[in-house]
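J.: Sharing a structure here in structure tokens format.
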Amino acid sequence: MTASDYLAALLLISGAVFFLAGTLGLLRFPDVYTRLHALTKADNVGLGLVVIGLAIQAESLAAVGKLLLIWLLVLLAGASVSYLVARGALHKGIRLWKR
Amino acid sequence: MQTFYFALALFLLLNLFAGMWRVLRGPSPADRMLAAQLFGTTAVAVLLLLAQASASPALRDVALLFALLAAVTAVAFVRRAWPEEGGERDGE
Amino acid sequence: MEALGLLQWCLDGLLGLGLLWLAWRALACSDLFKAVVLFIAFGLLMALAWVRLEAPDIALAEAAIGAGLTGALLLSALARLRAIQANGTIVIPAQQAAKVQLSRWLAGTILLSAAIGLGYAITSLPPEAAGLSAEVTANLAASGVGNPVTAVLLNFRAYDTLLEMAVLLLALLAVWSLDGLPTAEAAAGPVLDTLARLLTPVLILVAAYLLWVGADAPGGAFQAGSVLGAAGVLLLLAGWRLQPSLAQLPLRLALVAGSGTFVVIALLTLLSTGRLLAFPPAQAGTLILILEAVATVSIGVTLAALFLAAPPGHKEKL
Chain A
3 MTASDYLAAL
13 LLISGAVFFL
23 AGTLGLLRFP
33 DVYTRLHALT
43 KADNVGLGLV
53 VIGLAIQAES
63 LAAVGKLLLI
73 WLLVLLAGAS
83 VSYLVARGAL
93 HKGIRLWKR
Chain B
13 MQTFYFALAL
23 FLLLNLFAGM
33 WRVLRGPSPA
43 DRMLAAQLFG
53 TTAVAVLLLL
63 AQASASPALR
73 DVALLFALLA
83 AVTAVAFVRR
93 AWPEEGGERD
103 GE
Chain C
950 MEALGLLQWC
960 LDGLLGLGLL
970 WLAWRALACS
980 DLFKAVVLFI
990 AFGLLMALAW
1000 VRLEAPDIAL
1010 AEAAIGAGLT
1020 GALLLSALAR
1030 LRAIQANGTI
1040 VIPAQQAAKV
1050 QLSRWLAGTI
1060 LLSAAIGLGY
1070 AITSLPPEAA
1080 GLSAEVTANL
1090 AASGVGNPVT
1100 AVLLNFRAYD
1110 TLLEMAVLLL
1120 ALLAVWSLDG
1130 LPTAEAAAGP
1140 VLDTLARLLT
1150 PVLILVAAYL
1160 LWVGADAPGG
1170 AFQAGSVLGA
1180 AGVLLLLAGW
1190 RLQPSLAQLP
1200 LRLALVAGSG
1210 TFVVIALLTL
1220 LSTGRLLAFP
1230 PAQAGTLILI
1240 LEAVATVSIG
1250 VTLAALFLAA
1260 PPGHKEKL
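Protein chains in written order, with my numbering: chain A, 3 to 101; chain B, 13 to 104; chain C, 950 to 1267.
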């Protein structure tokens, strides 16, 4: 395993940790809004670290471009959908969790 | 390295199944749809890892499709299966 | 290598068991919305299963149609069902207990015998079945494309694809004849509007890419067409509607173009070579590209029209 392999492994493991955090948040957080928050952490940072780790190992520049495109699309979709779902939840009267 | 990719893919798949609990539990439709969104993103990560592990670049296209269509499904949920009560406030 | 094999086995086992469990939960669920979300998750895992079975073409189609478009269609249908139930009651006659028991026993017996039959058939298969891959590989050069799946779909078995296009058109006609209510869409806020404006060109480009790359790599007309359909669905959800001038003849032309071109080319090949859909090897690549391009547009417009569920400009009959 070369140095780039180790770096990629480190990035991938950190990405997986964020995915775990996202799932834990989805399961444990008290209301829709906080769960949305956890979801976007997995989307943005988790997938981002995985993409960077894979980009280091990718076989061509076109593959790196495709990886980045996928990440950007997930970012865009995740942000918009979070807004739409949160707004919908607010209109339906789902209350925010208060301590 | 290949073993490492598969191990991570297995880990992410286990995460996906753990998230199923939220779909079953609810309580609101938004919670269930949220979980489905997380499944989509996790599946994208799994596919990208498998693409690298089995050296098939076609799997990246599948991941691209997942990312796009998860967005369309979520928009279908917000606009159709979850209608606003009463009047619509546009320009929000 | 030992750890790798074990990991792959665990991955596949988890996928398989998970699929079975999801299918059971989705069917046994009384809350329809939960069932639909479970079905979407099932589609996702099914696409992963196709990937593990080394069938990326099917995985592409499953991701686009099974997880994405069918999910949107089911959610839309659920909304209509709720609207109908709110306006009037849907009465399902209560079944007698004895009848329910009998039907359960009958269903169980049939399923059990089918499962035993399938199990016997699968275990009696030879462990190394060559299938038809040798013949396909031998004739791939003459087929005009490099991807064996596209060669089979659009050259060797083009007749099946012709019939599939006709089936899709028939499905649309059936839905249109049901006299469904077009939904009045509330105004889309700025975020949804921007999302639709950003994603639709990307979806169209991805569809064109899948169409182009389908000649030599996983992709093809059905996958590209379903991505185009998703673009149409996104536009419809964001409140966009076709201009009335385009909604009559041009829309119908686009819908019929796919199967129409297929039929025309079938007739031409029948007249020139005497055999149905026998492409001359020199022109096979071009013919396949033409067929795929027209089929993509047709499939995309058909899927979007299926989502709309009523012909554009349809007025509710009072």
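Quick reminder that beta carbons are idealized off the backbone N, C-alpha and C, glycines included.
Just the chain C side, please: which residues come within less than 7 angstroms of residue 85 (chain A) by C-beta, in chain order?
T.: Against the first sequence, residue 85 (chain A) aligns to sequence position 83. Ordered by position in chain C, the residues that pass the 7 angstroms Cβ test against residue 85 (chain A) are 1140.
J.: If I measure Cβ to Cβ from residue 28 (chain B) and keep anything under 6 angstroms in the same chain, skipping five residues before and after, which residues do I get?
T.: Translated into the one-based positions of the second sequence, residue 28 (chain B) becomes position 16. Excluding sequence neighbours, residue 28 (chain B) sits near 51, 54.
J.: Assuming residue 52 (chain A) contacts residue 14 (chain A) under a Cβ cut-off of 8 angstroms, what Cβ separation, rounded to an integer in Å, is found between them?
T.: For the purposes of this step, residue 52 (chain A) is identified with residue 50 of the first sequence, where counting begins at 1. For the purposes of this step, residue 14 (chain A) is identified with residue 12 of the first sequence, where counting begins at 1. With 8 angstroms as the limit, residue 52 (chain A) and residue 14 (chain A) qualify as a contact, their Cβ atoms being about 6 angstroms apart.
J.: Less than 7 angstroms between the C-beta atoms of residue 1024 (chain C) and residue 79 (chain B), yes or no?
T.: For the purposes of this step, residue 1024 (chain C) is taken as the residue at position 75 of the third sequence. For the purposes of this step, residue 79 (chain B) is taken as the residue at position 67 of the second sequence. No, these two residues do not count as a Cβ contact at 7 angstroms.
J.: Could you name the residues of the region 45-58 of chain B whose beta carbon sits closer than 8 angstroms to any beta carbon of chain C, in the order they occur along the chain?
T.: Listed in sequence order: 45, 47, 48, 51, 52, 55, 58.
J.: Please classify residue 1192 (chain C): does DSSP put it in a helix, a strand, or coil?
T.: Taking the first residue of the third sequence as position 1, residue 1192 (chain C) is located at position 243. In the structure shown, residue 1192 (chain C) sits in coil (DSSP, three-state: anything other than H, G, I, E or B).
J.: Select from the region 1240-1252 of chain C all residues with a C-beta closer than 9 angstroms to any C-beta belonging to chain A, and list them in chain order.
T.: So nothing in the stretch comes that close.
J.: How do the region 1131-1145 of chain C and the region 1207-1223 of chain C stand: do at least 3 beta-carbon pairs fall below 8 angstroms, yes or no?
T.: With a cut-off of 8 angstroms, the region 1207-1223 of chain C and the region 1131-1145 of chain C do not count as touching, because too few Cβ pairs lie within range.
J.: Check this for me: beta carbons of residue 1168 (chain C) and residue 1159 (chain C), under 7 angstroms apart or not?
T.: What you label residue 1168 (chain C) is simply residue 219 of the third sequence in a count that begins at 1. What you label residue 1159 (chain C) is simply residue 210 of the third sequence in a count that begins at 1. In contact: residue 1168 (chain C) and residue 1159 (chain C) (Cβ atoms closer than 7 angstroms).
J.: Give me the Cα-Cα distance between residue 18 (chain B) and residue 12 (chain A), rounded to the nearest whole angstrom.
T.: Residue 18 (chain B) sits at position 6 when you count from the first residue of the second sequence. Residue 12 (chain A) sits at position 10 when you count from the first residue of the first sequence. One C-alpha to the other measures close to 15 angstroms.
J.: DSSP on residue 45 (chain B), reduced to helix/strand/coil?
T.: Counting from one through the second sequence, the residue named residue 45 (chain B) turns up at place 33. Of the three classes helix, strand and coil, the one that applies to residue 45 (chain B) here is helix, per DSSP.
J.: Taking only three categories from DSSP, how would you classify residue 1232 (chain C)?
T.: Residue 1232 (chain C) sits at position 283 when you count from the first residue of the third sequence. Coil at residue 1232 (chain C), not helix or strand.
J.: Any Cβ of chain C within less than 7 angstroms of the Cβ of residue 6 (chain A)?
T.: Here residue 6 (chain A) is taken as the residue at index 4 of the first sequence, counted from 1. No, no contact with chain C.
J.: Return the CA-CA distance between residue 1109 (chain C) and residue 1102 (chain C), expressed in angstroms with no decimal places.
T.: One-based indexing of the third sequence puts residue 1109 (chain C) at position 160. One-based indexing of the third sequence puts residue 1102 (chain C) at position 153. About 8 angstroms.
J.: Using CA atoms only, rank isn't needed, just tell me which of C:1127, C:1179, C:1093, C:974 is closest to residue 1150 (chain C).
T.: To locate residue 1150 (chain C), count along the third sequence from 1; it is residue 201. Ranking C:1127, C:1179, C:1093, C:974 by Cα distance to residue 1150 (chain C) puts C:1179 first.
J.: How would you write the range of the alpha helix (DSSP H) that residue 1224 (chain C) sits in, first residue to last?
T.: Counting from 1 along the third sequence, the entry for residue 1224 (chain C) is found at position 275. Premise fails: residue 1224 (chain C) is in no alpha helix (DSSP H) and is neither H nor E.
J.: Under the rule that 16 or more other beta-carbon atoms within 10 Å means buried, what is residue 980 (chain C), buried or exposed?
T.: Translated into positions along the third sequence, residue 980 (chain C) becomes position 31. That one is exposed.
J.: Taking residue 996 (chain C) as the reference, give the member of C:1028, C:977, C:1030, C:961 with the closest Cα.
T.: Looking up residue 996 (chain C) in the third sequence gives position 47. Of the listed residues, the one whose Cα sits closest to residue 996 (chain C) is C:961.
J.: By the criterion of Cβ-Cβ separation under 7 angstroms, what are the contact partners of residue 52 (chain A) in chain B?
T.: Reading the first sequence from its first residue, position 50 is the one you call residue 52 (chain A). In chain order: 57, 60.
J.: Helix, strand or coil for residue 95 (chain A), going by three-state DSSP, please let me know.
T.: What you label residue 95 (chain A) is simply residue 93 of the first sequence in a count that begins at 1. Residue 95 (chain A) falls in the coil class under three-state DSSP.
J.: Which of the three DSSP states, helix, strand or coil, is assigned to residue 1259 (chain C)?
T.: Against the third sequence, residue 1259 (chain C) aligns to sequence position 310. It is coil, neither helix nor strand.
J.: How about residue 72 (chain B): is its C-beta nearer than 7 angstroms to some C-beta of chain C?
T.: Along the second sequence, one-based indexing puts residue 72 (chain B) at 60. Output row for residue 72 (chain B): interface = no.
J.: Skipping 5 residues on each side, what residues in its chain have a beta carbon closer than 7 angstroms to that of residue 14 (chain B)?
T.: Along the second sequence, read from residue 1 onward, the residue named residue 14 (chain B) stands at position 2. Cβ within range, chain order: 65.
J.: For a test of the three-state rule: what should DSSP assign to residue 1054 (chain C), helix, strand or coil?
T.: As a working mapping, residue 1054 (chain C) is identified with position 105 in the third sequence. Helix.
J.: Name, please, each residue of chain C whose Cβ falls closer than 8 angstroms to the Cβ of residue 82 (chain A).
T.: Numbered from its first residue, the first sequence carries residue 82 (chain A) at position 80. Result: 1140, 1141, 1143, 1144.
J.: On the three-state DSSP scale, how would you describe residue 978 (chain C)?
T.: On the third sequence, position 29 is the one that residue 978 (chain C) refers to. Three-state result, residue 978 (chain C): coil.
J.: Suppose contacts are defined by Cβ-Cβ distances below 7 angstroms. Is residue 1228 (chain C) in contact with residue 1104 (chain C) by that definition?
T.: Walking along the third sequence from the start, residue 1228 (chain C) turns up at place 279. Walking along the third sequence from the start, residue 1104 (chain C) turns up at place 155. Yes.
J.: Please report how far the alpha carbon of residue 57 (chain B) lies from the alpha carbon of residue 987 (chain C), in whole angstroms.
T.: Locating residue 57 (chain B) in the second sequence gives position 45, where the first residue counts as 1. Locating residue 987 (chain C) in the third sequence gives position 38, where the first residue counts as 1. If you take the alpha carbons of residue 57 (chain B) and residue 987 (chain C), they lie about 20 angstroms apart.
J.: Which of the three DSSP states, helix, strand or coil, is assigned to residue 1077 (chain C)?
T.: Taking the first residue of the third sequence as 1, we reach residue 1077 (chain C) at position 128. Looking at residue 1077 (chain C) - three-state DSSP - the assignment turns out to be coil, as it is neither helix nor strand.
J.: Kindly say whether residue 13 (chain B), judged by its beta-carbon, lies nearer than 7 angstroms to any beta-carbon of chain A.
T.: The sequence position of residue 13 (chain B) within the second sequence is 1, counting from 1. Chain A contact via Cβ: present.
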